[in-house]
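One structure is given here, and the rest of the page talks about it.
Laid out in structure tokens, this is it:
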């Protein structure tokens with residue numbers, strides 16, 4: 001696939017993403033004229049597009065780095081997830097997790 005063909009395909013897929021996201025948001029939250037729909041549509045479409053871009057970048061990096069790169073990536077991923085979880089736990093006041101893995105909030 002040439003770069004121009006790849007770009008045209010990406011544009012087609014992004015348009016389909018927009019159509020499907022619009023359908024999902026309007027199905028869940030109401031008609032397109034609902035004030036919430038444009039905001040939720042933008043958030044959801046951005047979230048899906050960001051996930052696709054990150055997956056593409058990770059795939060490219062792992063392909064270039066090989067098996068050792070996978071180990072390195074997973075180490076960084078675990079580190080970043082741990083940082084994000086600790087920040088959310090602090091923000092929400094989570095002090096522990098119960099036997100079922102559910103967060104336990106601090107004493108009230």
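In our numbering, the protein residues as written are 1 to 108. Every residue gets a Cβ at the ideal spot worked out from N, C-alpha and C, and that includes glycine. This one's a predicted model, so the numbers in the text were calculated from it and none came from an experiment.
Residue 25 burial status per 10 Å Cβ neighbour count (16 or more: buried): buried
Evaluate contact between the region 7-17 and the region 38-49, counting only Cβ atoms and requiring at least three cross-stretch pairs below 8 Å. yes
Expected contact under 8 Å - CB spacing of residue 21 and residue 44 to nearest Å: 5 Å
For a minimum of 4 consecutive residues, which ranges assigned as the alpha helix (DSSP H) are wholly contained in the region 9-94? 36-92
Between the C-alpha atoms of residue 105 and residue 86, what's the straight-line distance to the nearest angstrom? 13 Å
Tell me which residues share the same chain as residue 69 and place their Cβ nearer than 7 Å to its Cβ, disregarding the 5 neighbours each side in the sequence. 61, 62
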